[in-house]
Structure formats: structure tokens, C-alpha cells
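Q: In the working numbering, the protein residues as written are 1268 to 1495.
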């Protein structure tokens, strides 16, 4: 039985933060050589450190933190040792859960998650799972309803925004931005912040009021779903 394992993708957020820091340092260094109090600390060393950290994080998350696997028969969830056959699944969605303002997660990171809606039991939310899981589910069982279009568009938007932000940081970092660029940043941030709420609202309208964000005004205890 062929199994496709999926791992936590949280390391991507960690690498993105490192990448922002490193691209900023490299950009500043091109304009004015960066000097540190420690003679051994140079920009070149930071680049090497980032590369090593990236390899270690990817290696660790890929080999030691797999959360589920998908096969022709269904989905296996490692944490609770549960196999859910496709016959028991009504629908599967890929959504973002906002942590903006959360006490538990002190960042604006939106957890890209897989929601498995079961026919006769609580839905299961698996946090930090790649969108590719949705495609493999559709491949193995084309009859299951999925939100592949909206989830793909949201992911593409996120990738484009992050890539553009890193590119701008690397190519034109001078510590100052004009009003037009600042306005664009604000609009993009607002749109990106609203995407999780729109996705959850749509899914709740379709499947029932099961999903909640990890933000203060939603509360902290949602026992309507199983969280993994």
C-alpha cells in the first residue's frame, strides 16, 4: 500500500523570518559594509549559518515530525493513531487559522491546516499541513468534496507576497520607504490578515459552525473539533 506522508510545515515560517533578517543584512552590506563588535562575525558567516540552519530544520521536520499519511483507502493520523477511511469522510478542506493577537502564539502566523469533515463524528483539524495533501486526497478519491480552488489561490497569493517582500528587501533596502509603497504594504497586510477569516467563514457556512480562530475574540476552548 503506497503511503504519502505529510509533515509539519511550520519550519517554513521560521526560515522565512531568518530569510528576512539575512536579506536585510546582505542588502545593507552592499551599500555600507556591516561591522560587528565580534571580528569573527561577518555577513558571509551569517549566510553559511542560514544555509546550515535551513538544512537542519528541513531534515528534522521532514523525517521526525510527520503528522499523517494518505493512501488509497483513507487518511491515517499519527498523533491519535487513527485511520479514517474515505467512506467515513464527507469533505476535506485546507484553511488558514489566524493567530493574530493570540496569547498562545505570539505572532501573526496563519496556520495552514487540513480539516477532515467526518460523516458521523467530530471534524479533525490537522495544523501546519501542506496544500499538496488536498491534491493527493483528490487523486486517491475524486468523489470527496474539497476546496481546492480557493485554497490554491490563497496559497499562491501568500507565496507571491512573501517572494515579493524578500525581493524588495534584498534589492532595495535603504531603511526608508515612500508613502505609496507604505500604502501598498498596508493593503497587502490587511488582505493577508483577512484571508483566514474569509476561508473559515465560508467553510462554516458550508459545513456548520465548527471552526474557530485562535484569537481573543473567539475564545480559547473549541471542543467542536479534534485538534492535532
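Think of the CB as a built atom: it goes at the ideal place given N, C-alpha and C, for glycine as much as any other residue.
#1: Hey, residue 1336 and residue 1359: beta-carbon distance below 8 Å or not?
#2: Quick check: residue 1407 and residue 1339, are their CB atoms within less than 8 Å of each other?
#3: Among residues of its own chain, excluding the 5 on either side of residue 1494, which ones have a beta-carbon nearer than 6 Å to its beta-carbon?
#4: Give the secondary structure of residue 1274 by DSSP, where H, G and I count as helix, E and B as strand, and everything else as coil.
#5: Can you tell me whether DSSP reads residue 1460 as helix, strand or coil?
#6: List the endpoints of the continuous alpha helix (DSSP H) containing residue 1407.
#7: Just the Cα atoms here: how many angstroms apart are residue 1461 and residue 1447?
#8: From residue 1432 to residue 1410, what distance separates their C-alpha atoms?
#9: Report all residues from its chain with a CB closer than 8 Å to the CB of residue 1450; omit the five preceding and five following residues, and keep chain order.
#10: Assign residue 1288 to one of two classes, buried (16 or more other C-beta atoms within 10 Å of its C-beta) or exposed (fewer than that).
#11: Given that a residue counts as buried once 16 or more other Cβ atoms are within 10 Å of its Cβ, and exposed if not, what is residue 1463?
#12: Out of curiosity, what's the CA-to-CA distance linking residue 1353 and residue 1342?
#13: Starting from residue 1492 and walking both ways along the beta strand (DSSP E), at which residues does that stretch end?
#14: Check residue 1237 in the structure and name its three-state DSSP category.
#15: Exposed or buried, which one is residue 1478 when buried takes at least 16 other CB atoms within 10 Å?
#16: Measuring alpha carbon to alpha carbon, tell me which residue in 1376, 1430, 1389 and 1364 is nearest residue 1356.
A: So, from the data block:
#1: As a first step, residue 1336 must be located in the chain shown, where it is residue number 69. As a first step, residue 1359 must be located in the chain shown, where it is residue number 92. No.
#2: Here residue 1407 corresponds to residue number 140 of the chain shown, with the count starting at 1. Here residue 1339 corresponds to residue number 72 of the chain shown, with the count starting at 1. Judged by their CB atoms, residue 1407 and residue 1339 are nearer to each other than the 8 Å cut-off.
#3: As a working mapping, residue 1494 is identified with position 227 in the chain shown. So the qualifying residues of the chain are 1392.
#4: Taking the chain shown and counting its residues from 1, the one referred to as residue 1274 is at position 7. Correct three-state label for residue 1274: strand.
#5: As a working note, residue 1460 is residue 193 in the chain shown. The three-state reading of DSSP puts residue 1460 in helix, counting H, G and I together.
#6: Counting from 1 along the chain shown, the entry for residue 1407 is found at position 140. Here the alpha helix (DSSP H) through residue 1407 covers 1399-1407.
#7: Residue 1461 sits at position 194 when you count from the first residue of the chain shown. Residue 1447 sits at position 180 when you count from the first residue of the chain shown. Straight-line spacing of the CA atoms in residue 1461 and residue 1447 works out to 21 Å.
#8: Here residue 1432 corresponds to residue number 165 of the chain shown, with the count starting at 1. Here residue 1410 corresponds to residue number 143 of the chain shown, with the count starting at 1. Whole-angstrom Cα-Cα distance: 38 Å.
#9: Residue mapping note: residue 1450 aligns to position 183 of the chain shown, counting from 1. The beta carbon of residue 1450 sits closer than 8 Å to none of the beta carbons in its chain outside the five residues before and after it.
#10: Translated into the one-based positions of the chain shown, residue 1288 becomes position 21. Counting the other CB atoms within 10 Å of its CB gives residue 1288 a total below 16, which places it among the exposed residues.
#11: What you label residue 1463 is simply residue 196 of the chain shown in a count that begins at 1. By the neighbour-count rule (16 or more Cβ atoms within 10 Å), residue 1463 is buried.
#12: Along the chain shown, one-based indexing puts residue 1353 at 86. Along the chain shown, one-based indexing puts residue 1342 at 75. Using only the alpha carbons, I get a separation of about 7 Å.
#13: The residue labelled residue 1492 in the question sits at position 225 within the chain shown. Premise fails: residue 1492 is in no beta strand (DSSP E) and is neither H nor E.
#14: The question about residue 1237 has no answer here: the residues shown for the chain are numbered 1268 through 1495.
#15: Reading the chain shown from its first residue, position 211 is the one you call residue 1478. So residue 1478 ends up on the buried side.
#16: Sequence index remark: in the chain shown, residue 1356 carries index 89 (1-based). Of the candidates 1376, 1430, 1389 and 1364, the residue whose Cα lies closest to the Cα of residue 1356 is 1389.
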